[in-house]
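See structure below.
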Amino acid sequence: MDGANLRNPEALCVAKQKFNNLDAYESFIKTSIKSWSPAQRIALAAGMAERWLHAYETFSNSENWGDPAALRRSLDAVRNRLGGQASSAVNWHSLSHQVQNITPHMDDFDAIEALCACAMVQYAIDCCTEKDNNTPALMAVLSGLEAVQPDLLDGDPVPARMWNNSAIHREIDKQLRLIETIQSMGSADMGYQAVQALLADPQMAGEIQPRDESGPVGRTNQEIYEQYRQIIQMDIKGAAKGLDPRKNPQMAAMLYLAAWMGRYSRRKQMLSGEYGPLMDQTAVQRLLAKNRAKDLAVTVIPVWDANAQWTIDVFYQNTMNGLDARSPESPHGYGPSLRRLWVEAKQRNLSDAEAWEAIEAWARYQPEAWGRKNKGPATNSAALQAALALPLSWSATGNPDVPWKTEVNGDSRQVRLNDFPDEVMYSLVVNEKVAGDFHDWPKTWKRE
13 MDGANLRNPE ALCVAKQKFN NLDAYESFIK TSIKSWSPAQ RIALAAGMAE RWLHAYETFS
73 NSENWGDPAA LRRSLDAVRN RLGGQASSAV NWHSLSHQVQ NITPHMDDFD AIEALCACAM
133 VQYAIDCCTE KDNNTPALMA VLSGLEAVQP DLLDGDPVPA RMWNNSAIHR EIDKQLRLIE
193 TIQSMGSADM GYQAVQALLA DPQMAGEIQP RDESGPVGRT NQEIYEQYRQ IIQMDIKGAA
253 KGLDPRKNPQ MAAMLYLAAW MGRYSRRKQM LSGEYGPLMD QTAVQRLLAK NRAKDLAVTV
313 IPVWDANAQW TIDVFYQNTM NGLDARSPES PHGYGPSLRR LWVEAKQRNL SDAEAWEAIE
373 AWARYQPEAW GRKNKGPATN SAALQAALAL PLSWSATGNP DVPWKTEVNG DSRQVRLNDF
433 PDEVMYSLVV NEKVAGDFHD WPKTWKRE
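The sequence shown lines up with residues 13 to 460 when you count with this note's numbering.
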């Protein structure tokens, strides 16, 4: 290690820094690593990934899913790069593909630390392959904060209660120790041994947060439906003040994609429990399966212009985009995919410009029921309420649109599963006529 750096007060006082908010910390990291060599930034990303690798191993052993060895292979390649191996000697694309394949989705697992560990490994790979590796090095550091406090990077600004979480600041202290070690080494001494010596300290490991074993209290379908309606209406008002893609053609693809993603993300937030888990998980799981089946039924591959294709590809390649699908062709569970909406628009003989506008119309759609005082047809009719009060047993139909059926005094009855949360969750169908919509599954009804 360079003795001059040991005597450099700036290099040795990193860990004494205090930060009042995320912006201040992010700015500090950017400034600190800007003057570093590319190798130092590779070491930073690799060190972050190694600090959190145990979280992925714990997840994999617990869930019997994933492949920790794939992450280790990637980190071995990164360390070899620091040791002087030529970048061209490594198939970085293959390693990146392996990491993507074993990254858990939050829809399937409560595993934010494992997901962030995968992201850090990917950023370490990016540091080896990108000419300017400032951004992936920074993102590796910020991913450590995301592992401790999910959604931390989504807040603008980050709420004080979230930033003041003691676990966040313990993670920052560990990150600063890593940064101090790399900064003190200087660009001429990047054999990584000093970093490995630091990481041998058990206190440097990323801290897996305890889970609430009792579980949160579930919410009703009606509560989520009403909250979603209010949020979407506010989103639409806000969108009216934004850029018009028709007046900004150079940004049109990005703006239309953002509109679709905004609506799709809201649906995902409601159905995945980000605003509190729904009690009616039977309906949620059937709804996700129904949406995916509809996506799979559309097999056409869109022909987008080069700019749109590039924008969409970059978006889906971002492992932190919050989607439940890794590509436009993958089935989407929380609503229609961008691909499906585009294909359906083109099948109506719309031009490309009209197809994009159709996608925007979906993103800004407000159901007719939202404008009525009574937010659903016949939800309070006496006949419907009487039908909902009957003790009934329902059998499965195998039809994702109408999943349950029964008979009452010779009358056929079915329950239709609607496009929740844009629509009321259920409709009661009697002798093939809709008797009314209802939000929550009656307690007196049993279903397969």
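All C-beta atoms in this analysis are idealised placements derived from N, C-alpha and C, irrespective of residue type, glycine included.
Note that this is a predicted model, so its numbers are computed, not measured.
- The residue from TYR287, GLN161, ALA159 and MET132 with its alpha-carbon nearest to that of THR147 is MET132.
- By the beta-carbon neighbour count (other beta carbons within 10 angstroms, threshold 16), GLU380 is exposed.
- Cβ-Cβ separation between ALA399 and LEU440: approximately 6 Å, consistent with a contact (criterion under 8 Å).
- Contact between TYR237 and PHE71 fails: their C-beta atoms lie close to 33 Å from each other, not under 8 Å.
- With a beta-carbon spacing of about 6 Å, LYS42 and LEU150 fall inside the 8 Å limit used to define contacts.
- By the Cβ-count criterion, GLU183 is buried, with 16 or more other Cβ atoms from all chains shown falling within 10 Å of its own Cβ.
- Contact check for SER407 and GLU341: beta-carbon distance about 35 Å, past the 8 Å limit, so the pair fails to qualify.
- Annotation: the continuous alpha helix (DSSP H) that includes GLU369 extends over 364 to 375.
- If you ignore the 5 residues before and after GLY59, its C-beta comes within less than 6 Å of the C-beta of LEU190 and VAL207, all in its own chain and listed in chain order.
- A straight line joining the alpha-carbon of GLN378 with that of GLN245 spans about 8 Å.
- For TRP416, the enclosing beta strand (DSSP E) begins and ends at 416 to 420.
- Setting aside the 5 residues that flank it on each side, SER393 is surrounded in the same chain by GLY448, each with a C-beta closer than 7 Å to its C-beta; the list follows chain order.
- Short of 6 Å from the beta carbon of TRP416, and not among the five residues preceding or following it, lie these beta carbons of its own chain, in chain order: TRP406, VAL427 and ARG459.
- Fully contained in the segment 284 to 313 are the following alpha helix (DSSP H) runs of length 4 or more, in chain order: 293 to 309.
- Rounded to the nearest whole angstrom, the C-alpha separation of TRP175 and SER424 is 56 Å.
- A residue is called buried when at least 16 other Cβ atoms come within 10 angstroms of its Cβ; GLY230 does not meet this threshold and is exposed.
- Shortest Cα-Cα distance from GLU444 to any of ALA152, ARG279 and GLU419 involves GLU419.
- If you ignore the 5 residues before and after ALA320, its C-beta comes within less than 7 Å of the C-beta of ALA265, all in its own chain and listed in chain order.
- Taking 4 residues as the shortest admissible run, the segment 56 to 95 contains the following complete alpha helix (DSSP H) segments, listed from N- to C-terminal end: 80 to 94.
- A residue is called buried when at least 16 other Cβ atoms come within 10 angstroms of its Cβ; ARG351 meets this threshold and is buried.
- Taking each of GLY288, TRP382 and TRP64 in turn and checking the Cα distance to ALA212, the smallest one comes out for TRP64.
- Taking PRO169 as the centre and dropping the five residues before and after it, the same chain places the C-beta of ASN33, LEU34 and ASP35 closer than 8 Å to its C-beta, in chain order.
- Pairing ASP79 with ALA251, the inter-Cα distance amounts to about 42 Å.
- ARG91 and TYR37 have their C-alpha atoms roughly 27 Å apart.
- The residue from ARG275, ALA305 and LEU283 with its alpha-carbon nearest to that of ARG376 is ARG275.
- Judged by their CB atoms, ILE54 and LEU94 are nearer to each other than the 8 Å cut-off.
- DSSP places GLN397 inside the alpha helix (DSSP H), whose first and last residues are 394 to 401.
- In this structure, the straight-line span from the alpha carbon of MET118 to that of ILE124 is close to 7 Å.
- Within the same chain, Cβ atoms closer than 8 Å to the Cβ of VAL414 are found at GLN426, VAL427, ARG428, LEU429 and VAL441, the five residues on either side in sequence being excluded.
- Straight through space, the alpha carbons of ILE324 and PRO257 are spaced by roughly 16 Å.
- Boundaries cannot be given for TYR346, as no alpha helix (DSSP H) includes it and DSSP labels it neither H nor E.
- With respect to the C-alpha of CYS128, the residue from GLU69, ASN177, THR409 and ASP185 having the closest C-alpha is GLU69.
- Cα atoms of GLN329 and PRO348: separation of roughly 19 Å, rounded to the nearest angstrom.
- With a contact defined as Cβ atoms closer than 8 Å, GLN242 and TYR287 miss out at about 11 Å.
- Apart from sequence neighbours up to five positions away, the residues of its chain that approach TRP104 with a beta-carbon distance below 7 Å are ILE137, CYS140 and THR141, ordered along the chain.
- Between ALA159 and ALA57, the C-beta gap is not smaller than 8 Å, which leaves the two residues out of contact.
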